[in-house]
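Accompanying notes for the structure given below.
Residue numbers (the UniProt record's numbering): 1 to 309.
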């Protein structure tokens, strides 16, 4: 026999499932209406797929050299070979395979650097905005100090002291980019904590932790997601720039920035060595920006309205 409590519980579960399915349907409906969002999602889905299954997709070992095959042109040019669709570099390594494996480094650095920056800046922004006073003053003066130092100079100093590596690169990009999260989240929290529902929670004796995590954090998540999406693109560009200078990931690990550096002296004669990794960076960054713009429009329709004026 079904009790009233069981019936009510079942009804609640059904309502929640309908809301979830409705939200998912709304997500795909909005995505389908946005050509920019669809293109961005397709690009990023392809990049992620290539990075995850690089070992199965790449036709050659990306670090294996073959001097007899050095600087072969792409397969559609004279003297090109179908075995090397995008040609080879100065050491006879397959350009296509290196681009495929290079996507792993770009995504790892981009995602984990943003996670680190977001964690540091998000926590400090929440604390600063909610508590205010001397805590806010200390955190904001620290933010000002970081902003006063050119980010590239700070990155170069950290990499010089700690030595270039994948882990160091992620740490460097994370520790030099947390300030944007702190300032944005702080501003959101300053506005949010004056809302009636927050004041009501404080009046009934809710703890600071409960107010922050239950009422404030969910309402600043949209801004956090938008900033994080665009920050991934910036982190990928920074990684490529530092690797180009020889301060990023080191050989034999493959990176698009390193490939650009290897091919710069061959631009006049063997343009494909540097051109294709450059295209890979451009397409990836554009895909992230397109997807980020769509996410912004979905999470903040007011911003979209302002942009269309």
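We put the beta carbon where it would ideally sit given N, CA and C, even for glycine. Treat the numbers as computed from the prediction; the structure is a model and nothing was measured.
Legend entry - Cβ-Cβ distance between residue 173 and residue 227 below 8 Å: no
Inset, instruction - Would you list the residues sitting across from residue 94 in a DSSP beta bridge? - result: 88
Legend entry - beta strand (DSSP E) runs contained entirely in the segment 220-285, provided each spans 3 or more residues: none
Inset, instruction - Pull up the distance between the alpha-carbon of residue 196 and that of residue 95, whole angstroms please. - result: 59 Å
Legend entry - residue 200 - DSSP class collapsed to helix/strand/coil: helix
Inset, instruction - State the start and end residues of the unbroken alpha helix (DSSP H) segment that holds residue 134. - result: 133-148
Legend entry - Separation of residue 246 from residue 284, as counted between CA atoms: 21 Å
Legend entry - Residues near residue 146 by beta carbon distance below 7 Å, same chain, minus five either side: 179
Inset, instruction - Kindly list the residues whose CB is nearer than 6 Å to the CB of residue 190, restricted to its own chain and excluding five residues on each side of it in sequence; keep chain order. - result: 129
Inset, instruction - Keeping to the same chain, check which residues put their C-beta closer than 6 Å to that of residue 21; ignore five residues upstream and five downstream. - result: Note on residue 21: pLDDT 49, under 50, position unreliable in the model; the coordinate value appears next. Taken in chain order, the list of residues that qualify is empty.
Legend entry - Alpha-carbon to alpha-carbon, residue 286 and residue 330: Outside the modelled stretch of the chain, which goes from 1 to 309, sits residue 330, for which no answer is possible.
Legend entry - DSSP three-state assignment for residue 58, whether helix, strand or coil: coil
Legend entry - N-terminal and C-terminal residue of the alpha helix (DSSP H) that residue 171 is part of: 166-175
Inset, instruction - Could you name the residues of the same chain whose beta carbon sits closer than 6 Å to that of residue 219, not counting the 5 residues immediately before and after it, in chain order? - result: 192
Inset, instruction - Excluding the 5 residues preceding and the 5 following residue 65 in the sequence, name in chain order all residues of the same chain whose CB lies nearer than 7 Å to its CB. - result: 91, 92, 93
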